[in-house]
Every structure is written in structure tokens, then in C-alpha cells.
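**Q**
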Amino acid sequence: MKRSFNSIFLLIGLGVAFTAFVNRSQREVFRPGKDYALFFAVSNYKNSSLTNLPNSIPDARAIAEVLEKSYGFKTEVIPDPTLDVIEQKLNEYRDKFAKGTLAKDGQLFIFFSGHGVKESNNGYFLPADADPSRLFRTAVAYNIWRPIISELQCQHILVAVDACYSVTFDPSWENKNDPKFQRIGELSETERILENHKAYKNRIFFTADAKENTVPGRSNFARKLLEGLSANQYKGSFITSTELFANFMQKAQPAPRAGFFEGDDANSSFLFFPTQQVNVDPQRFDQRQRDIEAYRKIQQNATVIACQQYLTDFSEGAFRGEVTALLLQLQDEQEWQFAILKNTLTSYENYLRLYPNGKYNMEVVIIIDSLTRINNIELCRAY
8 MKRSFNSIFL LIGLGVAFTA FVNRSQREVF RPGKDYALFF AVSNYKNSSL
58 TNLPNSIPDA RAIAEVLEKS YGFKTEVIPD PTLDVIEQKL NEYRDKFAKG
108 TLAKDGQLFI FFSGHGVKES NNGYFLPADA DPSRLFRTAV AYNIWRPIIS
158 ELQCQHILVA VDACYSVTFD PSWENKNDPK FQRIGELSET ERILENHKAY
208 KNRIFFTADA KENTVPGRSN FARKLLEGLS ANQYKGSFIT STELFANFMQ
258 KAQPAPRAGF FEGDDANSSF LFFPTQQVNV DPQRFDQRQR DIEAYRKIQQ
308 NATVIACQQY LTDFSEGAFR GEVTALLLQL QDEQEWQFAI LKNTLTSYEN
358 YLRLYPNGKY NMEVVIIIDS LTRINNIELC RAY
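In the working numbering, each residue's number is its place in the sequence shown (first place is 1) plus 7.
(1) Residue range of the alpha helix (DSSP H) that Leu133 falls in?
(2) To the nearest angstrom, report how far apart Ile151 and Val124 are at their CA atoms.
(3) Considering just the uninterrupted stretch of the alpha helix (DSSP H) at Glu235, what are its terminal residues?
(4) Check Pro363 in the structure and name its three-state DSSP category.
(5) Let's see if you can read the secondary structure: which residues bound the alpha helix (DSSP H) around Phe47?
(6) Are the Cβ atoms of Ala67 and Ala48 separated by less than 7 Å?
(7) In this structure, how does DSSP classify Gly324 when only helix, strand and coil are distinguished?
(8) Determine the direct distance from the alpha carbon of Val371 to that of Thr247, and round the result to whole angstroms.
(9) Determine the direct distance from the alpha carbon of Phe345 to that of Ser354, and round the result to whole angstroms.
(10) Is it buried or exposed, Asn30, if we count other Cβ atoms within 10 angstroms and call 16 or more buried?
(11) Determine the DSSP secondary structure at Lys205, reduced to helix, strand or coil.
(12) Just to confirm the assignment: which complete beta strand (DSSP E) runs, minimum length 3, are found wholly within the region 47-90?
(13) Any idea if Lys231 is buried or exposed, counting beta-carbon neighbours within 10 angstroms, 16 or more meaning buried?
(14) Kindly indicate which residue of Ala238, Ala215 and His163 has the alpha-carbon position closest to the one of Tyr207.
(15) Residues in its own chain within less than 8 Å of Lys103 by CB, not counting five upstream and five downstream?
(16) For Ala146, does the three-state DSSP call read helix, strand or coil?
(17) Phe255 lies in the beta strand (DSSP E); which residues open and close that run?
(18) Would you call the region 137-154 in contact with the region 305-318, where contact means no fewer than 3 C-beta pairs closer than 8 Å?
(19) Between which two residues does the beta strand (DSSP E) harbouring Glu269 extend?
(20) Report all residues from its chain with a CB closer than 7 Å to the CB of Asp376; omit the five preceding and five following residues, and keep chain order.
(21) Leaving out the 5 sequence neighbours to the left and right, which residues in its chain are closer than 7 Å to Asp339 when beta-carbon positions are compared?
(22) Per DSSP, what kind of secondary structure is Ser120 in: helix, strand or coil?
(23) Nearest-angstrom Cα distance between Gly266 and Asn357?
(24) Can the beta-carbon of Asn59 be found less than 7 Å from the beta-carbon of Asn51?
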């Protein structure tokens with residue numbers, strides 16, 4: 008039950024920096040003083056039943072340092088917070104945004120790192136003074152605090168939860184099997200992205216797991232987040248949350264999840280604006296557009312060949328995760344249809360060998376059992 012809620016809550020304002028590409032030259036889009044990051048990191052637990060997590064606080068400070076130095080975020084790391092401290096700090100940020108002390112058109116990134124648990128259908132982040140036997144009174148309940156975070160008068164909020172069972176931060180986690188993350192507002196021209204960023208608000212989350220997984224003590228989630236924010240491959244004025252998740256976060260193990268929560272508008276974006284301007288690389292911009300168009304064609308006509316071609320043509324494509332998952336589904340379906348057409352014991356056994364967790368495993372097992380019994384009967388008759 009590692010750090011289920013570490014990154015859960017306040018990845019509120021990870022406004023994912025996207026490139027401003029205006030006609031012949033790039034314009035200045037960096038907005039000093041409008042981006043904030045709040046970290047709740049628990050390494051030392053008071054309850055003896057909870058193991059300590061020595062990496063939580065160092066991970067949070069490392070990510071905060073990159074956000075501050077490379078993206079101009081005003082950061083605050085709260086080490087080993089109690090439930091009262093978390094509540095007081097969130098209320099403090101709520102009041103500051105309401106009064107205009109913090110820019111209402113800004114971005115807020117909230118990161119939770121520590122133990123996380125699930126009880127019934129509810130998920131909890133465990134502060135330093137949590138009592139696992141009294142979760143409702145001593146832990147941060149996602150279904151209670153998620154709407155409160157959403158109501159902060161801040162235009163863009165990104166909540167990251169680095170903890171076990173952090174997927175329960177997703178309000179629809181029980182009904183969502185596809186971890187695909189795709190923002191409508193981040194799939195169009197960069198100018199439109201910037202305009203949408205001004206006009207609409209978003210509420211986005213990243214969680215360290217996608218299917219009720221436990222998370223290792225040395226967080227792959229935090230490492231990939233740090234790697235993505237530290238990368239120098241971005242040639243433009245900003246990075247989007249879609250880029251960050253697809254190119255880095257999605258490669259963590261266990262596989263993470265990203266999505267939206269109450270108050271979100273899909274047209275908007277969470278953008279990370281580098282503090283130092285970088286000249287736009289037109290070649291990379293064109294490659295991105297080709298990437299988007301290729302993925303849209305697959306969405307319109309999904310075939311095994313189309314998916315394989317995409318993975319060949321776009322070795323670093325933004326949609327490799329989605330295409331790979333789709334390819335596996337298509338290949339599973341294809342092998343199932345082949346097995347049905349052949350209708351032999353060998354064809355069904357090959358399906359199980361190739362797809363031990365395939366969609367049609369239950370049907371195949373029943374068919375194999377039936378064919379085996381029939382063959383045994385025929386063999387007996389032959390003797």
C-alpha cells in the first residue's frame with residue numbers, strides 16, 4: 008500500500024507547456040507569477056503499522072526544483088503533513104485564489120506522495136498521522152476533497168497522486184478500462200491551444216496506477232514525471248499535459264492513469280511554460296502534425312497494418328501508448344477469428360499461448376475442454 012495518494016490531489020496546476028507557433032516567429036508566452044505548485048510528501052508515519060517512505064520527500068523536492076527553475080512555478084513542499092496541515096494548507100490556497108492574492112487565471116499543480124489505500128469503493132491518501140483503522144477521520148478521502156479542489160478559483164489545476172490505489176482518485180475509475188489520455192484542446196494548432204488555455208478551465212489528474220495496483224517504494228511515477236519535466240527535447244514555448252503523459256508518464260511501471268475530474272472543460276490545456284525561450288523547430292512542428300493526422304486515420308479505420316505502420320513511422324510518437332494497446336486488441340481479435348475458422352484443438356491452444364490474458368480466454372478454455380473430451384471418446388471408440 009505504498010504511496011497511493013502521493014500525487015493524488017494537487018497536481019492541480021500542472022499547466023502543460025505547449026509551443027506558441029505564430030506565423031513567422033514565436034511569441035513570448037511565459038507568464039511569471041501565475042503558476043504554483045504545492046507538494047504534500049510523507050516519508051515518516053507515526054502509526055507503526057505503516058512503513059516509512061524515505062523517497063517521498065526527496066522526490067517531491069526534486070520535482071519542485073525543476074518546476075521552479077525551468078518553468079517559473081512558485082513552489083511549496085510540505086514534508087510529513089498531518090491531516091490538519093493538509094486541510095489548513097488547501098484552505099489557505101482557496102482563500103488566496105478567492106481574494107486574488109494568487110492569480111485566478113493561473114495554474115496550480117498539486118502533488119501527493121505517500122501511502123494510499125482503498126476501502127470499499129473509496130480511496131484515501133494517508134497523511135503522517137493517519138490511522139488505517141479510522142480512515143474517514145484521519146485520512147484524505149478523495150471523493151470529499153476532489154470537489155473541494157475543483158472549486159478553487161484557479162483556471163487550471165493538475166493533481167498528481169503517487170500512491171497505491173491512486174486510481175481511485177478518478178471519479179469514474181470503476182467504469183473505465185481504457186487508460187488513454189487525450190485532450191481535445193491539445194490536438195490542434197498551437198495558437199488555438201493558447202487561446203483555449205485563456206478561455207477555458209481544466210481539472211486534470213495523473214495517478215501512479217491505473218488498475219488498483221500497489222506502487223513500489225522507489226516511485227517510477229515520480230521518476231518519469233521528473234524526467235519529462237527535465238527533458239530538453241521540447242522545442243517551443245510550452246509543453247502540454249498530453250505530451251508529458253504520453254512521452255514519459257505512460258512508460259512508468261505500473262502503468263499510470265490520467266484523466267479529468269469535476270469542473271473540467273476538455274477544450275482547455277494544462278501547459279508548462281519554460282522560463283527560457285527556445286526557437287521553434289519547424290521540422291518538429293511538422294512531425295507533430297503528421298503524428299496527429301496518422302493517429303486520426305487510425306481512429307477512423309483501425310487495422311493491424313495501420314497500427315504497425317504508425318509504430319514504425321513514429322518511433323517517438325505521442326500516441327504510441329494508445330496505438331500499442333489498440334494493436335494488441337486487434338491482434339487478439341484476429342487470432343480469435345482465425346481459431347474459430349480453423350476450429351481445431353491446435354488453433355485454440357495457439358490462441359491461449361499467444362494471449363494468456365486474451366479477451367476470449369474463457370470461451371477458448373471451454374472449447375478446448377469440449378474438443379479434448381470428443382477426441383478422447385473417438386480415440387476410445389477406435390480401440
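Just so you know, even glycine gets a beta-carbon here, dropped at the ideal spot from N, CA and C.
Given the structure is predicted, the values throughout are model-derived calculations rather than measurements.
**A** Put simply:
(1) Unbroken run through Leu133 is the beta strand (DSSP E), Asn129 to Leu133; no alpha helix (DSSP H).
(2) The straight-line gap from Cα to Cα measures roughly 15 Å.
(3) Looking at the sequence provided, one finds Gly at residue 235 rather than Glu. Element bounds for Gly235: Asn227 to Ser237.
(4) Secondary structure at Pro363: coil, using DSSP grouped into helix, strand and coil.
(5) For Phe47, there is no enclosing alpha helix (DSSP H); the residue is part of the beta strand (DSSP E) that begins and ends at Asp42 to Ala48.
(6) In this structure, Ala48 lies closer than 7 Å to Ala67 by Cβ.
(7) It is coil, neither helix nor strand.
(8) Rounded to the nearest angstrom, the two C-alpha atoms are 43 Å apart.
(9) Separation of Ser354 and Phe345 (C-alpha to C-alpha, rounded to the nearest whole angstrom) is 8 Å.
(10) A caution first: Asn30 carries a pLDDT of 35, below 50, which makes its placement in the model unreliable, though a value can still be read off. Asn30 should be labelled exposed.
(11) Note: Lys205 maps to helix in three-state DSSP.
(12) For the region 47-90, whole beta strand (DSSP E) runs of length 3 or above, ordered along the chain, are 81-86.
(13) Lys231 is buried by the Cβ-count criterion.
(14) Out of Ala238, Ala215 and His163, His163 has the C-alpha closest to the C-alpha of Tyr207.
(15) Cβ-Cβ distances below 8 Å link Lys103 to Leu109 in the same chain, with the five nearest sequence neighbours on each side left out; the list follows chain order.
(16) Note: Ala146 maps to coil in three-state DSSP.
(17) Looking at the DSSP string, Phe255 is not in any beta strand (DSSP E), and its letter there is neither H nor E.
(18) Because the criterion of three Cβ pairs below 8 Å is not met, the region 137-154 and the region 305-318 do not touch.
(19) Taken as a continuous stretch (DSSP letters only), Glu269 belongs to no beta strand (DSSP E), as it is neither H nor E.
(20) Result list for Asp376: empty, nothing under 7 Å.
(21) Here Asp339 has Tyr362, Gly365 and Lys366 as same chain residues with Cβ atoms under 7 Å from its own Cβ, once five neighbours each way along the sequence are excluded.
(22) In this structure, Ser120 counts as strand in the three-state DSSP scheme.
(23) If I take the Cα positions, the gap works out to 36 Å.
(24) Closer than 7 Å, so yes.
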